[in-house]
Amino acid sequence: MEVAPRGRGAEVRPVRGRPSVRTALPNWCALVVTETTATFEKGRTEHDLPDIVIDVHAHTIPQTFLAAVGRDHRFRVRVEQRGPSLWLVHDEGYGYPVTPDFYDASARLTALDRMGVDAAVLSPSPTLFYYSADPRFAAEVAHLVNDGQAAMVAGNPSRLHAMGVVPLQDTEPAIRELERCVDELGFAGVHIGCTVGGESVFSPAREAFFRRAAELGVTVFVHPAYVGPRPGLEQYYLTNLVGNPVETTIAIGNAIFSGLCERLPGLRLLFAHGGGFAPYQIGRFDHGFRVRPESRVALTHPPSRYAPRLFYDTITHNGQALAYLVATVGPEQVLLGSDAPFDMADPDPVKSVRQCPLDDRARRLILGGNAAALFGWSNPKSEVRHG
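Here it is, written out as structure tokens:
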């Protein structure tokens, strides 16, 4: 995306062959582009929708990062060879195997073919956020990681698309890196955590960052992060199994109750893991809004007005849960995600959607139509080249 000078407001123009949703609407769909969101018209039939599969939740650990960690103790992570496998082990205790599809484009394309996925939006592992690091070093890490992201997708622009990371502990450098991701690297958006330094990522201190993201018209993918066990969740892998959806739920609550979604209706927020528990507790959010005055401090409408304006991936690991999510927020707000290559990934996300009790139009939207609209890709099926 190419962005107009600051004085000209939020004009967005296509760059590097990638059309903007505002300027190059695909002929196979009718998009409603409003200040709130960009989605398919609810009246369109399944015959009007693209037959394409796009994974919006897939992770990388770029080669630039792997090459750098052994040379600088500030990364607080080491690379270990354990038998045939490469591992990253963080000083805080979290370790995981790094398979080739984390960093090698050919291996990732093979994995996409195996899953029946046409294209993927690749976001760096949340372990690469570095929000607890020195701000200057965090900015260096973000630059390094994003350069690696650009290199990984460069040879396969029709199938691999990148998101970047930004050093959110300092807003101005984060905005600069956001702009570099969009203007120079042509990324689809940025990947951020739910908290920074123990406070909500949606705190007032970072509103300028989200305002700039809204002006640029890019997607902000919100994902929980940890490099060690969370207090009280040390056993049974509950740091991930319970901690991740809880952290996402809290993030959605903060995004809504802080009034951010109301003040920035054009902000495109995509939440991981089916939105955590939030979609299933919207009624509780609304009840609190009605009976608790502190829930209305920054909000003028019930939370249920804003939940269907957010975007969610499909990673629920349960067909009934996915069907409830779709029924709650609408099929236009749900996008296919795998979480690959981590072990908590849905091994067959396409099957998960196809077996979910949805109509064909909803399936096509979720499998790829919504992603094509959100990221502004015109006729993506014809642009995807397998081989």
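For the record, in the sequence shown the residue sitting at position 237 is 899 according to my numbering, with numbers rising by one throughout. We put the beta carbon where it would ideally sit given N, CA and C, even for glycine.
Buried or exposed: where does residue i fall if 16 or more other Cβ atoms within 10 Å of its Cβ makes it buried?
i, result
"residue 768", "exposed"
"residue 787", "buried"
"residue 1061", "For the chain, the structure presents residues 663 to 1049; residue 1061 sits outside this window and is missing."
"residue 1033", "buried"
"residue 860", "exposed"
"residue 953", "exposed"
"residue 682", "Only weak support is given to the placement of residue 682: the predicted model assigns it a pLDDT of 36, under 50, and the question is left unresolved by the model."
"residue 932", "buried"
"residue 792", "buried"
"residue 745", "exposed"
"residue 1038", "buried"
"residue 794", "exposed"
"residue 903", "exposed"
"residue 826", "buried"
"residue 974", "buried"
"residue 839", "buried"
"residue 925", "exposed"
"residue 870", "exposed"
"residue 855", "buried"
What are the boundary residues of the alpha helix (DSSP H) that includes residue i?
i, result
"residue 1007", "First-last for residue 1007: undefined, no H or E at that position."
"residue 850", "Element bounds for residue 850: n/a, residue is neither H nor E."
"residue 1067", "What the structure shows of the chain is the stretch from 663 to 1049, and residue 1067 is not part of that stretch, so it cannot be assessed."
"residue 1035", "1032-1037"
"residue 716", "Unbroken run through residue 716 is the beta strand (DSSP E), 716-722; no alpha helix (DSSP H)."
"residue 1052", "Residue 1052 lies beyond the range of the chain shown here (663 to 1049); nothing can be said about it."
"residue 964", "First-last for residue 964: undefined, no H or E at that position."
"residue 1017", "Unbroken run through residue 1017: none, as it is neither H nor E."
"residue 949", "944-953"
"residue 797", "797-816"
"residue 924", "922-925"
"residue 985", "981-991"
"residue 873", "869-878"
Which whole-angstrom value describes the C-beta separation of residue i and residue j, a residue pair presumed to lie in contact below a C-beta threshold of 8 Å?
i, j, result
"residue 790", "residue 815", "No, residue 790 and residue 815 are not in contact; Cβ-Cβ is about 16 Å, not under 8 Å."
"residue 773", "residue 1002", "6 Å"
"residue 919", "residue 972", "Not a contact, Cβ separation roughly 13 Å."
"residue 610", "residue 964", "Any property of residue 610 remains undetermined from this structure, which presents the chain solely from 663 to 1049."
"residue 985", "residue 1011", "Actually they do not touch by this definition, with Cβ atoms about 15 Å apart."
"residue 872", "residue 853", "Not a contact, Cβ separation roughly 14 Å."
"residue 807", "residue 724", "6 Å"
"residue 829", "residue 801", "4 Å"
"residue 979", "residue 1005", "Actually they do not touch by this definition, with Cβ atoms about 12 Å apart."
"residue 966", "residue 719", "24 Å between Cβ atoms; not a contact."
"residue 728", "residue 765", "6 Å"
"residue 936", "residue 989", "With 8 Å as the limit, residue 936 and residue 989 do not qualify as a contact, their Cβ atoms being about 13 Å apart."
Just the Cα atoms here: how many angstroms apart are residue i and residue j?
i, j, result
"residue 901", "residue 892", "5 Å"
"residue 888", "residue 796", "17 Å"
"residue 779", "residue 714", "8 Å"
"residue 914", "residue 735", "34 Å"
"residue 844", "residue 930", "15 Å"
"residue 810", "residue 1023", "37 Å"
"residue 981", "residue 994", "17 Å"
"residue 850", "residue 864", "21 Å"
"residue 761", "residue 743", "12 Å"
"residue 1029", "residue 910", "22 Å"
"residue 1017", "residue 730", "43 Å"
"residue 951", "residue 831", "30 Å"
"residue 943", "residue 842", "37 Å"
"residue 923", "residue 969", "9 Å"
"residue 748", "residue 874", "38 Å"
"residue 938", "residue 991", "13 Å"
"residue 1050", "residue 716", "The shown model of the chain, from 663 to 1049, leaves out residue 1050, and the question about it has no answer."
"residue 798", "residue 906", "28 Å"
"residue 1036", "residue 934", "15 Å"
"residue 1031", "residue 733", "43 Å"
"residue 698", "residue 857", "Unreliable positioning characterises residue 698 in this predicted model, as indicated by a pLDDT of 36, which lies under 50. The coordinate reading is nonetheless provided below. Each residue's Cα considered, the two are about 24 Å apart."
"residue 689", "residue 1026", "In this prediction, residue 689 has a pLDDT of 30, which is less than 50 and means its spatial position is unreliable; what the coordinates show is noted afterwards. Computed Cα separation, rounded: 16 Å."
"residue 1050", "residue 722", "Lying before the first or after the last residue shown, residue 1050 is absent from the chain, which here runs from 663 to 1049."
"residue 777", "residue 834", "39 Å"
"residue 738", "residue 752", "6 Å"
"residue 917", "residue 866", "11 Å"
Residue i lies in the beta strand (DSSP E); which residues open and close that run?
i, result
"residue 897", "That residue, residue 897, is in no beta strand (DSSP E); it is neither H nor E in DSSP."
"residue 822", "822-826"
"residue 740", "739-744"
"residue 748", "747-752"
Looking only at DSSP bridge pairs, what is residue i linked to?
i, result
"residue 786", "722"
"residue 973", "932"
"residue 1024", "Per DSSP, none; premise fails for residue 1024."
"residue 758", "750"
"residue 833", "Note: residue 833 sits in no beta bridge, so no partner."
"residue 857", "862"
"residue 997", "975"
"residue 887", "Residue 887 is not bridged to any residue."
"residue 781", "716"
With 7 Å set as the bound, which would you pick, yes or no: does the beta-carbon of residue i sit closer than that to a beta-carbon of chain B?
i, result
"residue 1025", "Protein chains in the displayed structure number just one, and chain B is not present."
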